[in-house]
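Data block below; observations after.
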């Protein structure tokens with residue numbers, strides 16, 4: 001029997017993707033926003049596709065700002081963290 005693949009919607013592209021192909025962005029009770037590499041941290045989770053082009057485009061168009069309701073100042077480090085995590089995953093595991 002084939003196992004069902006969990007799908008989530010990317011808040012940047014509004015497209016459905018397998019959960020493992022996305023990065024989780026968390027807003028916790030203290031109103032902190034951060035990228036969650038583990039996918040298990042407490043808080044309201046949103047998902048973004050692991051695609052540098054789409055992330056940079058979203059940064060230019062302030063997509064996360066409008067979706068999450070925070071200002072650019074608070075989300076700049078989040079964009080940087082997303083990009084860092086994407087690069088880290090692109091490095092082949094030895």
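In full-length UniProt numbering, the protein residues as written are 1 to 94.
Cβ atoms here follow ideal geometry from the backbone N, Cα and C, with glycine treated the same way.
Remember, it's a predicted structure, so these values are computed and weren't measured experimentally.
Beta-bridge partners of residue 9 (DSSP): 16.
For residue 82, the secondary structure class from DSSP, reduced to helix, strand or coil, is helix. Residue 25 is not a Cβ neighbour of residue 49, given a cutoff of 8 Å. Around residue 44, the same chain offers 27 as residues with beta carbons nearer than 6 Å, after the five sequence neighbours per side are excluded. A distance below 6 Å between beta-carbons, with the five flanking residues on each side excluded, links residue 9 to the following residues of its chain, in chain order: 16. Nearest in C-alpha terms to residue 52, of all of 5, 3, 81, 19, is 81.
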